[in-house]
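Numbering (the working numbering), first residue to last: 388 to 912.
Notes for the one structure printed next.
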């Protein structure tokens, strides 16, 4: 695969994420508004809790999926279809086993739901809702979900994004009709299951058309390759179990120690933050296949230069998203669903810091996936998870700090582990070079972020509210432009910024020349 193709696929993946993000977010906002109006905040809380629980049970897939994609980078670069089909067959068998494990664990967890929901016994409706959530999780593993990984490894995740978005829009419209006519959440979930089945069938069909492997004879996976795969899967699973404890227990803790209704209110904020979190994740991590191909075709010095560019644009994105969320999210909540659903400025401040710390890591994930560093980092997530749970419970139970305590636990565990250990693993086992330059880059970026954040905090953000949507948009444009200008001034001499400016300039010049040629051709005709 040529460098040009790598670059094009990387651009397609990033561009698709950027184009689809506002469209999907708009649909989600309309869907959430109708959900609250037609079904109520309690069902919204149940949705958040059950989604978290099933997300925790699905952790085993996360370890296998990333490891298989990493294993596919080399045979794809070498055009070794026999090895590719061998890994895909292994993936298919493993997914069926995972489906059974998740279903069994899901049934066991159901006995603890009354404690989580703070009720003596689940109602029949709550039981049915949970079972439907469980079926939706399991059915994906049984029906070709693994086919998505082949497209991802081929740097074609943009295809999955467009297919999923189209089906999501159709499904959501149908759900609106059901909610409006019946006010039955169970029927909404049944439609969601049908959508999951259809989505996997469509992706499988497209994958088989683009990368037909039906008549390919599988190659034998060597003992060395099996050992590497097992090591990466185990390291990934350990890491993801800990990651789930860190990021998927918030709703469970809120429900257990506060209330299900509070989960619903908090989920309105996480709808927004998770959307931007997912956007940055898709943009950054979608480059893993491109960099993974680069790792197998060039030297580490070239990889490091590419990584620095991604790291810089990752910081810019995290900086802007976090600060704009801090300033704009409460005014938006008021315009969207009213003041009754507001959280305090202090909670929003902590939520913004959490978003920055989480999204700031995504450029590192590119190299984690490209080099397959799951085993080397296996101990870090366990320490992070223990710290997160202990500190969160301390703030929540002892100090009674509520949601703020949960967020503080996540922030503290992130700073104490991820901020230094993940770069250490990348530089020691992946790039195999000194971290000195990287450390100074990080220190400068963190100083710029926190100085800006607390400067904005002391400007009394609780007074920043817009009377209408147009006023909110104007406020967003002014603040966003000011932050961008500040970044351009502070980092005006940065090599990475100069490279990106030159890159964008060349792209626009290329587009302009094409338009000019087309205009000349039309005039001549």
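Glycine included, every Cβ here is placed at the ideal spot set by N, Cα and C.
Computed from a predicted structure; not experimentally measured.
Relative to the C-alpha of residue 797, which candidate in 667, 690, 637, 594 has its C-alpha closest?
Taking the first residue of the chain shown as position 1, residue 797 is located at position 410. The shortest Cα separation from residue 797 among 667, 690, 637, 594 belongs to 637.
Determine, using beta carbons only, whether residue 870 and residue 707 come nearer to each other than 8 Å.
In the chain shown, the residue the question calls residue 870 occupies position 483. In the chain shown, the residue the question calls residue 707 occupies position 320. With contacts defined as CB atoms closer than 8 Å, residue 870 and residue 707 qualify as a contacting pair.
Using a threshold of 8 Å, state whether the C-beta atoms of residue 594 and residue 538 are closer than that.
Translated into positions along the chain shown, residue 594 becomes position 207. Translated into positions along the chain shown, residue 538 becomes position 151. Their beta carbons are under 8 Å apart, which means residue 594 touches residue 538 by this criterion.
Apart from the five residues just before and just after residue 437, which ones in its own chain have a Cβ nearer than 6 Å to its Cβ?
Here residue 437 refers to the residue found at position 50 of the chain shown. If we look at residue 437 and ignore the five residues flanking it on each side, its Cβ neighbours are 517, 520.
Taking a contact to mean a Cβ-Cβ separation below 8 Å, would you say residue 843 touches residue 720 in this structure?
In the chain shown, residue 843 corresponds to position 456, counting from 1. In the chain shown, residue 720 corresponds to position 333, counting from 1. Residue 843 places its beta carbon 8 Å or farther from that of residue 720.
Would you call residue 402 buried or exposed, if buried means 16 or more other Cβ atoms sit within 10 Å of its Cβ?
For the purposes of this step, residue 402 is identified with residue 15 of the chain shown, where counting begins at 1. Residue 402 is exposed by the Cβ-count criterion.
Does the distance from the C-beta atom of residue 416 to that of residue 723 stay below 8 Å?
Mapped onto the chain shown, residue 416 falls at position 29. Mapped onto the chain shown, residue 723 falls at position 336. Taking 8 Å as the Cβ cut-off, residue 416 and residue 723 qualify as a contacting pair.
Limits of the unbroken alpha helix (DSSP H) element including residue 535:
For the purposes of this step, residue 535 is identified with residue 148 of the chain shown, where counting begins at 1. Counting along the chain, the alpha helix (DSSP H) containing residue 535 begins and ends at 534–540.
Identify which residue in 857, 853, 899, 831 has its Cα closest to the Cα of residue 874.
The residue you call residue 874 lines up with position 487 of the chain shown. Of the listed residues, the one whose Cα sits closest to residue 874 is 831.
Chain-order list of residues whose beta-carbon lies under 8 Å from that of residue 809 (same chain, five-residue window excluded):
In the chain shown, counting from the first residue as 1, residue 809 sits at position 422. Sequence-distant Cβ neighbours of residue 809 in its own chain, meaning closer than 8 Å and more than five residues away, are 748, 751, 755, 764, 767.
DSSP three-state label for residue 391, please.
Looking up residue 391 in the chain shown gives position 4. Its pLDDT being 45, under 50, residue 391 is placed unreliably by the model, and nothing is read from it.
When we look at the beta-carbon of residue 699 and count the other beta-carbons within 10 Å, is it buried (16 or more) or exposed?
Here residue 699 refers to the residue found at position 312 of the chain shown. Buried.
Would you report the Cα separation of residue 391 and residue 688, rounded to the nearest angstrom?
As a first step, residue 391 must be located in the chain shown, where it is residue number 4. As a first step, residue 688 must be located in the chain shown, where it is residue number 301. Caution is warranted here: a pLDDT of 45 is assigned to residue 391, below 50, making its placement in the model unreliable, and the coordinate value is therefore given only provisionally. Approximately 19 Å, taken between the alpha carbons.
Under the rule that 16 or more other beta-carbon atoms within 10 Å means buried, what is residue 857, buried or exposed?
Taking the chain shown and counting its residues from 1, the one referred to as residue 857 is at position 470. Classification of residue 857: exposed, given that the 10 Å Cβ count is below 16.
Using alpha carbons as the reference points, say which of 879, 663, 453, 474 lies closest to residue 612.
For the purposes of this step, residue 612 is taken as the residue at position 225 of the chain shown. Each of 879, 663, 453, 474 was checked against the Cα of residue 612, and the nearest Cα belongs to 474.
Using a 10 Å radius around the Cβ and a threshold of 16 neighbouring Cβ atoms, would you call residue 861 buried or exposed?
If you number the chain shown from 1, residue 861 lands on position 474. Burial call: exposed.
Which value, in whole angstroms, describes the spacing of the CA atoms of residue 898 and residue 863?
Locating residue 898 in the chain shown gives position 511, counting from the first residue. Locating residue 863 in the chain shown gives position 476, counting from the first residue. In a straight line, the C-alpha of residue 898 is about 29 Å away from that of residue 863.
Contact belief for residue 794 with residue 741 at Cβ below 8 Å, rounded distance in angstroms
Along the chain shown, read from residue 1 onward, the residue named residue 794 stands at position 407. Along the chain shown, read from residue 1 onward, the residue named residue 741 stands at position 354. With a Cβ gap of about 6 Å, residue 794 and residue 741 count as contacting.
Residue 819, DSSP secondary structure in three states:
In the chain shown, counting from the first residue as 1, residue 819 sits at position 432. Residue state for residue 819 is assigned as coil, using DSSP reduced to three classes.
Here's the rule: buried if 16 or more other CB atoms are within 10 angstroms of the residue's CB, otherwise exposed. What is residue 684?
The count along the chain shown starts at 1 and reaches residue 684 at position 297. Exposed, by the Cβ-count rule.
Comparing C-alpha positions only, which one of 710, 459, 457 sits nearest to residue 839?
The residue labelled residue 839 in the question sits at position 452 within the chain shown. Distance check between residue 839 and each of 710, 459, 457 places 710 closest, using alpha-carbon atoms only.
For residue 482, the first and last residue of its enclosing alpha helix (DSSP H)
In the chain shown, the residue the question calls residue 482 occupies position 95. In the DSSP assignment, residue 482 falls within the unbroken alpha helix (DSSP H) covering 468–496.
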